[in-house]
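Colleague: One structure, as C-alpha cells, below. Some questions next.
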Amino acid sequence: MKIIHQNLKKGIIKVKTENIDDLWYLSHIIDKNDLIKAQTIRKIKLGEEAERSKKAIKKKVILTIKTEKIEFKDNILRISGTVIEGPEDIPKSSHHSFKIEENDIITIIKEKWLRFQLDKLKEAIESKIPSILICILDREEAIFALSKTRGYKILSSIKGEVTKKEERATTKGGFYQEIIKSLREYAPRYKINNVIIASPAFWKEDLMKEIKDKELKEKIVLASCSSVDKGAINEVLKRPEMREVLKQVRSAKEIELVEELLKEISKQGNSAYGIDEVELAANAGAVKQLLITDSFISKMREQENYERIDNIMKITDQTKGNINIISSEHEGGKKLDGLGGIAAILRFRIS
Numbered sequence: 007m008k009i010i011h012q013n014l015k016k017g018i019i020k021v022k023t024e025n026i027d028d029l030w031y032l033s034h035i036i037d038k039n040d041l042i043k044a045q046t047i048r049k050i051k052l053g054e055e056a057e058r059s060k061k062a063i064k065k066k067v068i069l070t071i072k073t074e075k076i077e078f079k080d081n082i083l084r085i086s087g088t089v090i091e092g093p094e095d096i097p098k099s100s101h102h103s104f105k106i107e108e109n110d111i112i113t114i115i116k117e118k119w120l121r122f123q124l125d126k127l128k129e130a131i132e133s134k135i136p137s138i139l140i141c142i143l144d145r146e147e148a149i150f151a152l153s154k155t156r157g158y159k160i161l162s163s164i165k166g167e168v169t170k171k172e173e174r175a176t177t178k179g180g181f182y183q184e185i186i187k188s189l190r191e192y193a194p195r196y197k198i199n200n201v202i203i204a205s206p207a208f209w210k211e212d213l214m215k216e217i218k219d220k221e222l223k224e225k226i227v228l229a230s231c232s233s234v235d236k237g238a239i240n241e242v243l244k245r246p247e248m249r250e251v252l253k254q255v256r257s258a259k260e261i262e263l264v265e266e267l268l269k270e271i272s273k274q275g276n277s278a279y280g281i282d283e284v285e286l287a288a289n290a291g292a293v294k295q296l297l298i299t300d301s302f303i304s305k306m307r308e309q310e311n312y313e314r315i316d317n318i319m320k321i322t323d324q325t326k327g328n329i330n331i332i333s334s335e336h337e338g339g340k341k342l343d344g345l346g347g348i349a350a351i352l353r354f355r356i357s
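The numbering used here applies: residue 7 is where the sequence shown begins, and numbers increase by one.
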C-alpha cells in the first residue's frame with residue numbers, strides 16, 4: 007500500500023492499494039461513520055422527472071460516503087454508506103457502495119486515528135517481508151536471492167553443465183546437487199523458514215525429486231517464472247505463491263500469540279476471554295494483548311453490535327495495549343473462536 011497524502015490533524019489519509027493483502031488491512035482499519043472518498047461508477051438518470059425511469063447512463067464520479075457497512079469477501083472490499091458529497095445530479099443521503107480492488111485510490115477521513123489503526127497501516131505500507139530464500143533455475147543456470155522489505159539481494163548464481171535437452175538425463179545430477187548444497191547452506195545462515203523455487207517448465211519439479219532432506223523440503227513452495235534472470239526474481243515476488251508464503255508467516259505469528267494465551271488460561275494466569283470478561287479487563291486498563299478474530303468482527307458488524315468491540319479497542323489503545331486481529335482460517339483462529347472470538351493476555355489478573 008502507498009500513502010499519497012496524509013494530514014492527521016484533519017484525520018485524512020489517502021492511499022493506493024497494491025495487492026489483496028491491502029484490502030484485508032483496510033477492512034480492519036475502516037470503521038463505521040468514517041468518511042470514504044473515491045472514484046466510482048454511478049448510474050445517473052436523465053431527462054425530466056416524468057421520464058427519469060426511462061433513461062439512465064453509467065458515469066464515473068467522485069463521491070464521499072459516510073460508512074455504514076464494511077465487507078471483505080472474495081478478494082473484494084465493499085464499503086457501503088450514504089452519500090454526503092458528490093455531483094449535483096446525485097442526491098445527498100442516497101445510498102452507494104464502493105467496490106475497492108487492487109490499484110484503487112481511496113481517501114479515509116476519521117475523527118481520530120487510533121494507534122493500532124496507524125500501526126496496521128504502517129505494516130501494510132512497509133510490506134514487511136520476512137527473509138525468504140528464492141531460487142530460480144533452468145537447465146543452464148540457478149540464481150539465489152534473499153527477499154528484503156524492499157526488493158531483494160542476489161546471493162550467488164551457479165552455471166549448469168547442461169546445454170542441450172537431450173543431455174538432461176545424464177548431467178543434471180551434479181548441477182542439482184550443487185543447487186541443493188547451496189540451499190542447505192543458505193537456510194541456516196540466514197535463518198530461513200521459507201524457500202521459493204521457481205522455474206520455467208518442469209525444472210523445479212525435477213529438482214524437488216532430488217531433494218531428500220525432509221526439513222528443507224517442508225520449507226519449499228514451488229512457483230513459475232518465464233526466465234532465469236534478475237527480472238524473474240521481481241516476477242516471483244509478485245506471484246500468488248509469494249502472497250501465500252507471507253500469509254503463512256503471518257499465520258504462524260498469530261498462532262504463536264493464541265498459544266501464549268492458552269498457556270495463561272491453562273495455568274489460570276493473566277487472561278480473559280469472552281466479550282464480558284475482556285470488556286471488564288479493558289475498563290480496568292489490564293489488557294496487554296487483545297486478540298480478536300476477523301470472523302467475530304464480521305459477526306458483530308452483521309448484528310449491528312460492532313460499537314461494543316470498537317469501544318474495547320479504543321480503551322485498549324488508550325491504555326497502551328496491543329490489538330491483534332487474528333484470522334479465523336487457521337488453527338489458532340479457530341481455537342480463539344472457540345473461546346468466543348475475543349480474548350486478552352493481561353498485565354495483571356482481574357478478580
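For every residue, glycine included, the Cβ atom is placed at its ideal position computed from N, Cα and C.
Strictly by DSSP, which residues pair up with residue 62?
Modeller: DSSP output for residue 62 lists 51 as bridge partner(s).
Colleague: If I'm right that residue 40 touches residue 7 with Cβ under 8 Å, what's the distance once you round it to whole angstroms?
Modeller: That belief does not hold up - the Cβ atoms of residue 40 and residue 7 are roughly 17 Å apart, past 8 Å.
Colleague: Of the choices 84, 293, 218, 69, whose alpha-carbon is the least far from that of residue 326?
Modeller: Of 84, 293, 218, 69, the residue nearest in Cα terms is 293.
Colleague: Once DSSP output is grouped into helix, strand and coil, what is the label at residue 275?
Modeller: coil
Colleague: Using a 10 Å radius around the Cβ and a threshold of 16 neighbouring Cβ atoms, would you call residue 219 buried or exposed?
Modeller: exposed
Colleague: Counting along the chain, where does the beta strand (DSSP E) carrying residue 328 start and finish?
Modeller: Annotation: the continuous beta strand (DSSP E) that includes residue 328 extends over 328-332.
Colleague: Around the C-beta of residue 224, are 16 or more other C-beta atoms found within 10 angstroms, so that it is buried, or is it exposed?
Modeller: exposed
Colleague: For the stretch 261-327, which segments carrying the alpha helix (DSSP H) assignment without a break, of at least 4 residues, lie completely within its bounds, in sequence order?
Modeller: 281-289, 300-308, 312-324
Colleague: Go ahead and label residue 14 buried or exposed: buried means 16 or more other beta carbons lie within 10 angstroms of its beta carbon, across all protein chains shown.
Modeller: exposed
Colleague: Within the chosen definition, does the stretch 297-308 reach the stretch 97-108 through at least 3 CB pairs nearer than 8 Å?
Modeller: A contact between stretches requires three or more CB pairs, one per stretch, nearer than 8 Å, and the stretch 297-308 fails this requirement with the stretch 97-108.
Colleague: Which residue from 268, 20, 245, 43 puts its Cα closest to that of residue 127?
Modeller: 20
Colleague: When you compare only the Cα positions, how much space is there between residue 210 and residue 241?
Modeller: Straight-line spacing of the CA atoms in residue 210 and residue 241 works out to 16 Å.
Colleague: With burial defined as no fewer than 16 other Cβ atoms inside 10 Å of the residue's Cβ, what is the status of residue 267: buried or exposed?
Modeller: buried
Colleague: Consult DSSP for residue 207 and reduce its assignment to one of helix, strand or coil.
Modeller: Assigned with DSSP and collapsed to three states, residue 207 falls in coil, not helix or strand.
Colleague: Rounded C-beta distance between residue 264 and residue 352? I'm assuming under 8 Å.
Modeller: Actually they are not in contact, since the Cβ atoms of residue 264 and residue 352 sit about 15 Å apart, beyond 8 Å.
Colleague: Hey, is the stretch 224-240 in contact with the stretch 271-286, meaning 3+ C-beta pairs nearer than 8 Å?
Modeller: no
Colleague: Have a look at residue 328 and residue 296 and give me their C-alpha separation to the nearest angstrom.
Modeller: 6 Å
Colleague: For residue 271, I'd like the list of residues in its chain whose CB is within less than 6 Å of its CB, leaving aside the five on either flank, ordered along the chain.
Modeller: 277
Colleague: Are the CB atoms of residue 182 and residue 150 within a distance shorter than 8 Å?
Modeller: no
Colleague: Tell me the rounded alpha-carbon separation between residue 71 and residue 275.
Modeller: 45 Å
Colleague: Opposite residue 348 in the DSSP bridges: which residues?
Modeller: 298
Colleague: Since residue 164 contacts residue 112 with CB under 8 Å, what's their CB separation in whole angstroms?
Modeller: The Cβ separation is near 45 Å, so there is no contact.
Colleague: Below 8 Å on the Cβ atoms is my contact criterion, and I expect residue 318 with residue 303 to pass it. Report the Cβ-Cβ distance as a whole number of Å.
Modeller: Contact between residue 318 and residue 303 does not hold, since their C-beta atoms are separated by about 11 Å, which reaches or exceeds 8 Å.
Colleague: Assuming contact is defined by CB atoms lying nearer than 8 Å, are residue 137 and residue 196 in contact in what I supplied?
Modeller: Yes, they are a contact pair.
Colleague: CA-CA distance, residue 231 and residue 244?
Modeller: Answer to the nearest angstrom: the Cα atoms are 11 Å apart.
Colleague: For residue 241, which three-state DSSP category applies?
Modeller: In the structure shown, residue 241 sits in a helix (DSSP, three-state: H, G or I).
Colleague: So for residue 33, helix, strand or coil by DSSP?
Modeller: helix
Colleague: Residues in the same chain with beta-carbon distance under 7 Å from residue 202, minus the five sequence neighbours each way, listed in chain order, please.
Modeller: The residues are 138, 140, 227, 229, 242, 247, 248, 251.
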